[in-house]
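**Student:**
2 protein chains.
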Amino acid sequence: MQSSAFILQCSVASDADLAHQESLFSLGNGRIGMRGFPPSRIPSYHPGVFINGFYETSAIPYGEDAHGFARTAQTIVDLPDCRYLTVSIDGQEVSAQTRTLDMRRGLLTEEALLANEGSEPIRLRWQTLLSMEYPSYGMVRVSVDAPQAVSVSIHSSIALPATIVQEGFDPRTAALDSRTSIEILKAKSVEQAMGFDLHLKMRESGLGLYCGSRHRIPDGATASNIGHASELPSLSITASTTSLVVDKLFFYHQGEQAVVEDLTWDDLLLAQEAHYERFWQQSEVVIEGDEELNKAIHFNLFQLHQSTGRDGKTSLAAKGLTGLGYEGHYFWDTEIYAMPFFSHTEASTARSLLRWRIGHLGYAKQRAREVGEAGALYPWRTIGGMEASAYFPASTAQYHINADIAYALLQYVDVTGDWTIMEEGGWDMLVETARLWLSLGFFNPRKGGRFCIHEVTGPDEYSALVDNNLYTNVMAREHLKRTAALLSRLKEEEPMRWASLAGRLEIADEEVERLEAASEAMYIPFDETECINAQDDRFLSLEVWDSAKKGAIRHPMLLHYHPLVIYRHRLIKQADTTLAMMLLPSYFPWHLRRRNFYFYEAYTTGDSSLSAAVQAVVAFDVLDCELAMGYLRSTALMDIANLHKNTKDGLHTAAMAGSWLALIAGVGGYRLHGSTPFFRPLLPQRWSRLSFSLRFGSTTLFVDIGSEETIYHTDGGTLAIMHRSTALEVGPEALPMPTRPRCKAVIFDLDGVITATDAYHYRAWKRLCDEQGWHFDRELNQRLRGVSRQRSLSIILEHNGVTLSADEQARLAEQKNRWYRTSLSSLGPADIFAGIEQLLQQLKKRSVKIGLASASKNAPFIIERLGLGDRFDYVVDANVVGRGKPDAELFARAAEGLGVLVEECCGIEDAHSGILAIKAAGMRAVGVGSAVDAELCDVHVEHPRDLLVDDLLF
Amino acid sequence: MQSSAFILQCSVASDADLAHQESLFSLGNGRIGMRGFPPSRIPSYHPGVFINGFYETSAIPYGEDAHGFARTAQTIVDLPDCRYLTVSIDGQEVSAQTRTLDMRRGLLTEEALLANEGSEPIRLRWQTLLSMEYPSYGMVRVSVDAPQAVSVSIHSSIALPATIVQEGFDPRTAALDSRTSIEILKAKSVEQAMGFDLHLKMRESGLGLYCGSRHRIPDGATASNIGHASELPSLSITASTTSLVVDKLFFYHQGEQAVVEDLTWDDLLLAQEAHYERFWQQSEVVIEGDEELNKAIHFNLFQLHQSTGRDGKTSLAAKGLTGLGYEGHYFWDTEIYAMPFFSHTEASTARSLLRWRIGHLGYAKQRAREVGEAGALYPWRTIGGMEASAYFPASTAQYHINADIAYALLQYVDVTGDWTIMEEGGWDMLVETARLWLSLGFFNPRKGGRFCIHEVTGPDEYSALVDNNLYTNVMAREHLKRTAALLSRLKEEEPMRWASLAGRLEIADEEVERLEAASEAMYIPFDETECINAQDDRFLSLEVWDSAKKGAIRHPMLLHYHPLVIYRHRLIKQADTTLAMMLLPSYFPWHLRRRNFYFYEAYTTGDSSLSAAVQAVVAFDVLDCELAMGYLRSTALMDIANLHKNTKDGLHTAAMAGSWLALIAGVGGYRLHGSTPFFRPLLPQRWSRLSFSLRFGSTTLFVDIGSEETIYHTDGGTLAIMHRSTALEVGPEALPMPTRPRCKAVIFDLDGVITATDAYHYRAWKRLCDEQGWHFDRELNQRLRGVSRQRSLSIILEHNGVTLSADEQARLAEQKNRWYRTSLSSLGPADIFAGIEQLLQQLKKRSVKIGLASASKNAPFIIERLGLGDRFDYVVDANVVGRGKPDAELFARAAEGLGVLVEECCGIEDAHSGILAIKAAGMRAVGVGSAVDAELCDVHVEHPRDLLVDDLLF
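These protein sequence lines map, in sequence, to chains A and B. Residue numbering for the first sequence follows numbering that gives the first Met the number 0, beginning at 0 and increasing consecutively. Residue numbering for the second sequence follows numbering that gives the first Met the number 0, beginning at 0 and increasing consecutively.
(1) Three-state secondary structure (DSSP) at residue 65 of chain A?
(2) Roughly how many whole angstroms lie between the Cα atoms of residue 304 of chain A and residue 29 of chain A?
(3) Relative to the alpha-carbon of residue 952 of chain B, which residue among B:906, B:182 and B:615 has its alpha-carbon at the smallest distance?
(4) Measuring only between beta-carbons, confirm whether residue 523 of chain B sits less than 8 angstroms from chain A.
(5) Using 8 angstroms as the limit for Cβ to Cβ distance, is residue 443 of chain A near chain B?
(6) Mind checking residue 702 of chain B: buried by the 16 CB within 10 Å criterion, or exposed?
(7) Would the stretch 327-337 of chain A count as touching the stretch 129-136 of chain A if we require 3 or more Cβ pairs under 8 angstroms?
(8) So, is residue 795 of chain B buried or exposed, given that buried needs 16 or more other C-beta atoms within 10 angstroms?
(9) What are the residues of the stretch 808-820 of chain B that lie near chain A, defined by any Cβ-Cβ distance shorter than 7 angstroms?
(10) Would you say the stretch 588-606 of chain A touches the stretch 465-484 of chain B, given that touching needs at least three Cβ pairs under 8 angstroms?
(11) For a test of the three-state rule: what should DSSP assign to residue 770 of chain B, helix, strand or coil?
(12) Helix, strand or coil, according to DSSP, for residue 754 of chain B in the structure here?
(13) Quick check on this structure: which residue in B:267, B:308, B:211 and B:100 has the alpha carbon closest to the alpha carbon of residue 652 of chain B?
(14) For residue 624 of chain B, does the three-state DSSP call read helix, strand or coil?
(15) Give the residues of chain B in contact with residue 548 of chain A, contact being defined as C-beta atoms less than 9 angstroms apart.
(16) Can you give me the Cβ contacts of residue 248 of chain B inside the same chain, cut-off strictly under 7 angstroms, excluding the 5 residues immediately before and after it?
(17) Taking only the alpha-carbon atoms, compute the straight-line gap between residue 242 of chain A and residue 144 of chain A and give it to the nearest angstrom.
(18) Compute the beta-carbon to beta-carbon distance between residue 536 of chain A and residue 537 of chain B, rounded to the nearest angstrom, for a pair I have assumed lies under 8 angstroms.
(19) Does residue 702 of chain A have its Cβ less than 8 angstroms from a Cβ in chain B?
(20) Identify whether residue 332 of chain B lies in helix, strand or coil by the three-state DSSP scheme.
This is the structure in structure tokens:
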């Protein structure tokens with residue numbers, strides 16, 4: 000542990016930084032949240048105090064109303080501050096000068112040093128903690144140390160919420176004025192306990208709160224109630240002393256009056272230290288070689304931990320408990336961004352978050368009825384469980400929330416092995432949310448009977464109300480598939496349990512079949528022109544932003560353009576297809592993930608704080624470490640560096656959780672394959688180490704990625720894992736593996752590497768051109784190297800200035816191919832280049848897999864003729880290839896077919912575009928002959944016979 | 000004139016009918032509107048009084064706000080009632096018992112007969128008019144006639160607006176409470192004039208109103224001010240008499256105090272009678288044979304006239320001046336539904352409506368900036384000129400409003416020849432609205448560079464935010480095309496004027512080219528599968544409502560389903576593609592209009608009152624008189640019969656105007672072809688006559704459609720018109736034409752009518768099947784009659800259980816065709832059926848055009864071989880035909896090619912599907928041979944030689 004990573008420090012700013020720092024230094028214990036302002040509330044930007052899940056309601060206004068619109072807004076409440084106190088020394092009120100957040104202990108310390116003429120300075124200290132052990136309680140300890148006796152006067156009271164003035168228009172900030180919404184029922188001094196009690200109620204939601212404080216003062220100090228300033232009780236503590244310690248316990252109980260526990264500073268601090276020791280033990284992530292990021296990940300995990308409800312009745316708001324942004328609402332951020340961290344490090348918290356969702360299934364079923372669907376539809380924004388979204392295109396329409404929740408539930412079960420959650424409502428939630436899809440989508444005759452889901456909004460809110468959003472369809476497919484499979488298994492393996500469930504939820508056998516059928520028929524948009532997954536049915540048809548017409552884009556766009564302008568352009572707010580690839584990579588072969596990633600990366604605006612983490616993970620996946628590092632930094636430093644300029648409104652909890660994902664799934668390459676953890680480390684150059692631990696069932700796995708070795712071990716049990724394509728059994732003993740990939744396969748191009756068919760092609764084309772009376776010569780033939788048959792014919796036609804119908808072109812290309820294939824019958828083993836057979840034998844001997852990646856549809860025929868048919872472990876089928884070289888697809892497909900990762904391969908090529916394809920696929924590139932640029936190759940030889948097995952392996 | 004058509008009468012209902020009748024009996028003069036409630040306001044449902052263009056404002060609330068949303072709501076105000084008075088006889092207050100609306104004079108009369116023991120009853124009468132000549136004034140005359148002297152007491156005052164309680168949820172009704180919005184500045188008696196003055200101001204909009212009344216009482220009666228009951232002045236008039244007449248003049252001046260004119264009942268009544276005489280002279284439409292519809296059209300035109308502003312500062316609200324529905328907003332209804340009526344009957348009103356739009360161009364330019372576009376964007380809903388829509392998917396997104404306004408402007412100019420409007424801002428409006436399209440749309444590389452307009456809502460609000468809405472694109476295309484053409488012409492013909500315009504609006508030559516280029520490249524969605532125009536890029540992909548899944552549809556859907564449910568289904572609120580076909584028929588050949596019409600008709604819900612008129616016009620166009628009549632009745636009786644059950648909220652002015660369209664453009668078949676009026680009468684069976692007049696430039700054209708003859712004449716000048724395909728010059732002399740169509744062309748099928756190629760086909764198929772080893776015989780050959788080559792091959796393959804690739808099928812079909820065509824070379828004149836050549840000669844002699852409608856792509860080749868190549872005036876190109884027989888397309892294309900209407904044609908066929916095609920095309924069907932059902936044919940012969948020229952003609 001590097002202790003500096005646990006310390007955040009600043010001088011108490013009075014300038015523009017104040018608002019930002021106040022968010023950064025926030026304290027929280029999952030229930031109470033308190034921004035990082037001083038006990039005296041001066042200076043402060045927004046001295047906010049919040050209780051998780053405590054909200055006010057109001058009717059959502061609509062200029063033009065419609066059926067099924069959400070009715071009731073819910074807004075987190077800025078509460079009275081029960082910590083409030085001021086300290087005066089010799090009649091002069093003292094303000095804090097420095098502020099230190101100790102993340103190893105969950106303790107905020109503010110200090111002031113008062114110059115003291117000709118003597119040691121007077122030292123004041125305010126230490127605040129919000130107790131993790133006793134979540135309704137917090138305490139501030141005030142300490143004064145002076146070289147000689149001074150007169151200390153502490154004024155302690157309750158402060159009402161302040162008014163925050165928002166500058167400019169920003170729909171992402173909240174509007175509720177807490178002060179008019181809070182009804183104070185009773186405020187009184189509790190003299191025997193030196194404290195105050197305050198009962199309040201929210202006028203509209205009716206939620207009640209009982210809060211207050213208790214003081215502990217040393218002998219020699221005196222305390223007196225000084226009445227009800229502005230209706231609130233207050234206490235005055237005075238002493239003349241060289242050293243004074245006053246403790247103020249404060250509490251927030253939701254609901255009615257409760258017993259106030261008599262807790263001391265030591266009680267709370269010891270418990271807090273023990274709690275955080277446990278937390279860091281199970282959750283710490285250490286980066287060596289980048290102190291800034293190392294501090295950032297510690298900060299992010301600490302704040303994430305502080306903001307998350309653990310009582311099964313609350314969740315994690317978009318801004319945690321650190322500000323009013325997004326009205327304190329809970330979103331899908333919990334399930335998709337935060338839950339992976341908790342499921343892998345602190346299962347009890349993950350479980351509690353799931354129980355919170357399960358507890359609101361009733362509301363979700365009711366909501367589905369309101370929007371005309373079967374099953375359940377979880378709210379896009381909520382605190383109390385009801386949909387609280389006022390703008391349906393970017394909320395109600397995000398039906399993917401259902402699949403997100405199901406994903407998080409099953410990920411939790413997969414990782415922890417805790418099936419009891421299913422019995423505690425998990426089944427109901429899984430089935431009711433899956434049912435929605437059957438009602439929402441349909442088997443579309445216009446898409447060949449594929450199951451389509453229309454008029455939804457995906458994660459990308461810059462494309463609202465689209466048909467067949469890729470993310471939604473892929474996630475719904477998985478949701479349906481797993482639900483059907485789990486129900487079928489339950490029926491088979493636990494008939495009693497099945498009978499009870501099926502009875503309660505009225506699940507007919509036929510419904511399970513329908514879930515499965517919809518999953519299997521799910522339409523996954525794929526564009527044949529770009530050879531990528533389309534984000535939705537219309538995304539690729541959108542206009543690319545034309546600066547000449549509309550000027551340079553102003554960001555964030557939602558503050559500068561009418562939604563219609565945004566929806567009309569090929570621009571992305573939140574990573575969408577890229578997120579689907581992160582969550583469900585098995586739905587996309589690697590070459591497609593790579594192609595999709597770069598395509599969408601170009602249109603992703605960065606207007607959302609949710610994108611960077613996802614882009615980081617997938618950039619690591621496609622081996623683009625430089626790009627990945629940029630995104631990793633963006634998500635990890637989002638708040639510390641105030642990258643979105645709005646940290647003042649609260650911390651970005653999803654981005655904080657995303658930084659964990661970017662490290663574990665990005666740098667560590669972690670995925671769960673079925674029940675097997677898989678790692679694919681890609682340590683950034685400057686770094687010397689990334690270490691973290693993950694918990695699977697009852698076993699903790701420690702992963703320590705160094706620049707040379709990656710060391711795995713467990714806390715006791717054994718665990719089957721994958722290190723790239725190598726299966727391992729990990730136990731308590733350190734198991735070192737090479738961090739960098741090793742060569743597991745060699746992939747050959749055919750023509751020019753194994754044999755030469757140029758002459759055959761030439762003759763066939765020549766014959767065709769002669770028959771048609773077209774010109775053709777060796778020079779023109781050169782232009783056809785590595786080019787597909789169809790494209791070759793196009794080049795010839797263009798050269799001759801001939802235009803033909805598509806049918807006629809197909810006919811002629813087919814004719815040429817027939818002649819070519821016929822001529823190939825003279826091909827035989829003698830045509831194999833010298834040395835190649837030996838090379839193949841040597842590779843076999845060394846257990847290196849051998850693949851063939853040729854663009855030629857005749858490749859299987861040719862290797863058969865050459866007598867090499869059984870030498871290749873995998874031959875790519877050129878018929879299914881969407882994009883030829885220099886795209887990575889051919890080589891990546893070969894790697895996939897061989898069951899290895901691209902970076903574990905070596906590719907051999909004699910063409911320039913082939914070498915580019917190998918490099919694009921992240922493989923070692925071996926070039927042959929003069930047609931390739933030797934500079935681009937890792938190894939270059941003049942002739943195939945020069946290829947040495949040791950040049951290929953690494 | 001049938002006088003009963005001008006009279007609407009009822010007893011004053013006290014039951015559920017009250018609200019409905021109160022709307023029907025509304026009075027208006029374009030400025031003041033007053034619902035049909037009695038002067039005593041008892042009984043009444045909503046005693047509303049309105050001033051056109053007088054509104055209150057308020058901030059539009061948004062639960063979640065966004066950039067560019069409209070900010071200010073505008074709502075028509077329910078005003079104080081200055082007519083208010085009660086009458087008591089012998090101390091007993093009397094209520095009206097009957098109500099009579101005299102539409103010939105614009106006068107509402109209410110009457111009561113009081114039983115009078117043993118004597119004649121006492122008669123009371125209240126007559127109200129709102130003066131067309133003096134639009135700020137109205138008057139009520141109270142008359143009492145008694146057999147013996149009675150004591151009459153009249154209490155006269157001003158009544159404040161009543162509260163209306165809306166039952167249930169309906170976003171189409173308004174919510175403003177006028178009473179709290181009106182600030183009364185001064186209310187006083189004006190003793191010398193026996194009247195009251197009231198000054199008021201709207202609290203938010205600041206609009207001021209000066210209103211009040213003046214009384215005229217006979218000698219013998221006494222009047223006394225009785226103070227200010229509820230702050231408003233009142234007057235008591237008493238007399239003891241057998242006969243009393245009291246006149247109360249009331250007035251509404253917008254703005255500051257104005258001089259109150261001293262007008263008598265006779266002044267006003269005479270002017271009113273003169274006004275309405277002129278109105279009916281120029282606007283009356285008479286139906287003979289259907290009294291209900293005749294009364295309805297009189298009622299509709301009367302109410303339309305009453306509600307329309309004529310001062311250049313106001314327009315026509317969706318509910319006219321008859322209720323609070325739609326907040327009193329002006330929509331596109333004015334331009335698309337009402338303007339055609341005014342442009343053709345009362346140009347000054349049409350001009351005033353255009354001036355109103357032109358006056359708000361500044362707001363429209365500002366609005367375009369707000370939504371990020373160039374040029375101008377007119378508001379979807381407004382009173383004062385600013386966008387007042389709170390729900391953008393069904394408002395701001397309806398950019399088609401720009402094209403609607405341009406359409407109305409140019410229609411006005413085309414019909415009236417009044418180019419001065421262009422100099423008075425018309426050019427600016429035309430150009431600025433056209434500019435928007437260039438900014439909004441783009442040349443889409445994904446659609447081959449076609450100009451696409453994305454993310455808009457067309458007229459159909461059940462499909463919001465779509466790409467390439469057909470209506471929008473077609474209307475924008477016309478808008479751009481005509482703007483570019485007019486600008487080019489202006490530049491050429493009036494260079495000075497052009498220089499001034501181009502300077503003022505900064506029009507570069509290159510901009511005109513861009514307008515033209517966008518128009519030419521405009522993408523018009525057409526679906527190759529259904530062979531119809533697609534309403535937009537996604538409409539055909541939508542789910543068809545599945546009652547098994549969602550239950551039977553509840554109407555109107557917007558009150559029962561979340562918008563997303565509606566948007567997700569193939570359902571239509573407002574006619575959309577059908578409207579485009581009505582407005583711009585030349586963009587759609589007749590067969591396509593027919594096919595589109597029936598396709599969309601099936602999905603049109605009737606939830607909008609705007610659809611029926613349009614569907615009526617196009618149903619007449621496609622000759623479906625029965626369906627057309629249903630829609631005509633729907634639009635004409637919308638309010639009288641309360642078809643939508645919400646006439647209580649105000650009359651449906653667009654439906655009323657639509658009934659004029661349905662008669663003139665539907666029954667009369669009127670269109671303007673360039674500058675030539677075109678008529679195509681289709682008189683419903685029960686009717687004996689439809690007569691109307693239209694004004695073109697300075698000439699009025701009278702059209703009198705009887706069941707036998709249609710008689711045209713003008714009021715002086717001569718006019719070139721078309722009666723179906725016959726060009727006429729019409730002057731003041733009656734010019735009779737046959738109402739029913741006459742035969743102008745005969746269209747032949749080829750095979751089996753002119754010659755027989757069966758045997759050739761048989762041999763070619765037989766040879767193909769023999770070569771392939773498939774079974775083929777005469778019986779199978781029979782199944783190929785009238786069937787395309789591709790389809791024939793499919794039948795053969797199916798019969799033989801063979802599956803082939805599309806390429807292979809194409810190859811084989813081509814092979815068969817080669818053999819078939821080669822064999823045809825033996826075909827010659829001798830193969831023409833006996834009698835056909837003579838028939839063709841006879842038709843030629845009678846100047847009947849001759850067409851050929853064969854599905855065979857070999858038809859031109861065959862008639863060439865037969866030596867008949869020069870006998871046909873038009874031969875349909877089978878290559879461009881989307882759907883073969885029994886679809887109407889082949890025959891309709893032939894009629895189009897011959898320059899005649901389908902109903903002017905006779906078709907000859909030997910196949911069943913051919914006869915169906917002829918009938919579908921609305922032609923006389925002549926069947927030949929035994930393969931047709933003689934019952935379906937108008938004429939049937941056994942053999943082509945039996946065809947007699949007189950059997951064909953009609």
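Where is the CB? At the ideal position from N, CA and C, for every residue including glycine. Bear in mind that the values here come from a model prediction, so they are computed numbers and not experimental data.
**Tutor:** From the atom records:
(1) For the purposes of this step, residue 65 of chain A is taken as residue 66 along the first sequence, with counting starting at 1. Three-state DSSP puts residue 65 of chain A in coil, outside helix and strand.
(2) Taking the first residue of the first sequence as position 1, residue 304 of chain A is located at position 305. Taking the first residue of the first sequence as position 1, residue 29 of chain A is located at position 30. The straight-line gap from Cα to Cα measures roughly 7 angstroms.
(3) Numbered from 1 along the second sequence, position 953 holds the residue referred to as residue 952 of chain B. The shortest C-alpha separation from residue 952 of chain B is found at B:906.
(4) To locate residue 523 of chain B, count along the second sequence from 1; it is residue 524. No, because no Cβ of chain A sits closer than 8 angstroms to the Cβ of residue 523 of chain B.
(5) Residue 443 of chain A sits at position 444 when you count from the first residue of the first sequence. Closer than 8 angstroms to some Cβ of chain B, the Cβ of residue 443 of chain A qualifies, so yes.
(6) Working through the second sequence from its first residue, we reach residue 702 of chain B at position 703. Its Cβ being crowded by 16 or more others within 10 Å, residue 702 of chain B is buried.
(7) no
(8) Along the second sequence, read from residue 1 onward, the residue named residue 795 of chain B stands at position 796. By the neighbour-count rule (16 or more Cβ atoms within 10 Å), residue 795 of chain B is buried.
(9) Correct list: 809.
(10) no
(11) Translated into the one-based positions of the second sequence, residue 770 of chain B becomes position 771. In the structure shown, residue 770 of chain B sits in a helix (DSSP, three-state: H, G or I).
(12) In the second sequence, the residue the question calls residue 754 of chain B occupies position 755. Residue 754 of chain B: strand per DSSP, three-state reduction.
(13) Position 653 of the second sequence, counted from the first residue, corresponds to residue 652 of chain B. Comparing Cα positions, the closest option is B:308.
(14) As a working mapping, residue 624 of chain B is identified with position 625 in the second sequence. Of the three classes helix, strand and coil, the one that applies to residue 624 of chain B here is helix, per DSSP.
(15) In the first sequence, counting from the first residue as 1, residue 548 of chain A sits at position 549. For residue 548 of chain A, the neighbours in chain B by C-beta distance under 9 angstroms run, in chain order, 373, 437, 438 and 441.
(16) Against the second sequence, residue 248 of chain B aligns to sequence position 249. Hits under 7 angstroms: 136, 138, 212, 213 and 262.
(17) Sequence index remark: in the first sequence, residue 242 of chain A carries index 243 (1-based). Sequence index remark: in the first sequence, residue 144 of chain A carries index 145 (1-based). So the two alpha carbons sit approximately 5 angstroms from each other.
(18) Position 537 of the first sequence holds residue 536 of chain A. Position 538 of the second sequence holds residue 537 of chain B. Indeed, because the Cβ distance is near 7 angstroms, the residues count as touching under 8 angstroms.
(19) Locating residue 702 of chain A in the first sequence gives position 703, where the first residue counts as 1. Residue 702 of chain A does not count as touching chain B.
(20) In the second sequence, the residue the question calls residue 332 of chain B occupies position 333. In the structure shown, residue 332 of chain B sits in a helix (DSSP, three-state: H, G or I).
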